[in-house]
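J.:
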Amino acid sequence: MRISDLLRNKGAAVATVSPETNVTELLERLAEHNVGALVVVDDEGGIVGIVSERDVVRRLNERGPQLLDGSVAAIMTKLVASCTPEDSVDQLSVLMTERRIRHVPVLVDGRLAGIVSIGDVVKTRMEQLEKSQEQLEAYISQG
Numbered sequence: 001m002r003i004s005d006l007l008r009n010k011g012a013a014v015a016t017v018s019p020e021t022n023v024t025e026l027l028e029r030l031a032e033h034n035v036g037a038l039v040v041v042d043d044e045g046g047i048v049g050i051v052s053e054r055d056v057v058r059r060l061n062e063r064g065p066q067l068l069d070g071s072v073a074a075i076m077t078k079l080v081a082s083c084t085p086e087d088s089v090d091q092l093s094v095l096m097t098e099r100r101i102r103h104v105p106v107l108v109d110g111r112l113a114g115i116v117s118i119g120d121v122v123k124t125r126m127e128q129l130e131k132s133q134e135q136l137e138a139y140i141s142q143g
């Protein structure tokens, strides 16, 4: 299965935030969209980072509550792993496991076209396994 198939089922909407946004507003947006990470984009829509709940918690532990008034730019991950719609879910699963990341933006011609979470990957794998099991059971019962 390709990332394009996953996005077709899930949708391509991506919640974003600017680097200048303060961390308190970031938390509000995470809650509003019920997501674990937001892609950080510049004024032209280019990806400059990604910021997750984990980033907030870890930096909050290091810096204390004044972090909430600081900018997303101060806590975001700047080196963002990405994928394309042509990549396979299996390839993405390996990338996520090796890099220990849970959210990967999908790019088309360098532009943001979606985002895939580890939950999306697990759901897709579960659906594939269920389908395989149903096919095996049908084959055995016909046998």
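Residue numbers (UniProt numbering): 1 to 143. Even glycine gets a Cβ: it sits at the ideal position worked out from N, Cα and C.
1. Tell me the start and end of each unbroken alpha helix (DSSP H) in the segment 6-91 that is at least 4 residues and wholly inside, in chain order.
2. Tell whether a beta-carbon distance below 8 angstroms holds between I115 and V41.
3. According to DSSP, is G110 helix, strand or coil?
4. Take A12 and list the residues in its own chain whose beta-carbon comes closer than 7 angstroms to its own, dropping the five residues that flank it on each side.
5. Give a yes or no on whether the C-beta atoms belonging to S52 and G36 are separated by under 8 angstroms.
6. Between G64 and V56, what straight-line distance do the alpha-carbon atoms span, to the nearest angstrom?
7. Could you compute how far the alpha carbon of K10 sits from the alpha carbon of E25?
8. With V72 and V23 assumed to form a contact (beta carbons below 8 angstroms), what rounded beta-carbon distance in angstroms separates them?
9. For the alpha helix (DSSP H) that contains M1, what are its first and last residues?
T.: Taking the coordinates as given:
1. Those alpha helix (DSSP H) runs which fall completely within the segment 6-91 and span 4+ residues are 23-33 and 53-63.
2. Reading the sequence shown from its first residue, position 115 is the one you call residue 115. Reading the sequence shown from its first residue, position 41 is the one you call residue 41. 8 angstroms or more divides the Cβ of I115 from the Cβ of V41.
3. Sequence index remark: in the sequence shown, residue 110 carries index 110 (1-based). In the structure shown, G110 sits in coil (DSSP, three-state: anything other than H, G, I, E or B).
4. Residue mapping note: residue 12 aligns to position 12 of the sequence shown, counting from 1. Closer than 7 angstroms at the Cβ level, and outside the excluded window around A12, lie A113 and G114.
5. The count along the sequence shown starts at 1 and reaches residue 52 at position 52. The count along the sequence shown starts at 1 and reaches residue 36 at position 36. A distance below 8 angstroms separates the beta carbons of S52 and G36.
6. Taking the first residue of the sequence shown as position 1, residue 64 is located at position 64. Taking the first residue of the sequence shown as position 1, residue 56 is located at position 56. Straight-line Cα distance between these residues: approximately 10 angstroms.
7. Translated into positions along the sequence shown, residue 10 becomes position 10. Translated into positions along the sequence shown, residue 25 becomes position 25. Note on geometry: alpha-carbon atoms of K10 and E25 lie some 26 angstroms from one another.
8. Position 72 of the sequence shown, counted from the start, is the residue given in the question as residue 72. Position 23 of the sequence shown, counted from the start, is the residue given in the question as residue 23. Contact between V72 and V23 holds, since their C-beta atoms are separated by about 7 angstroms, short of 8 angstroms.
9. Taking the sequence shown and counting its residues from 1, one reaches residue 1 at position 1. Taken as a continuous stretch (DSSP letters only), M1 belongs to no alpha helix (DSSP H), as it is neither H nor E.
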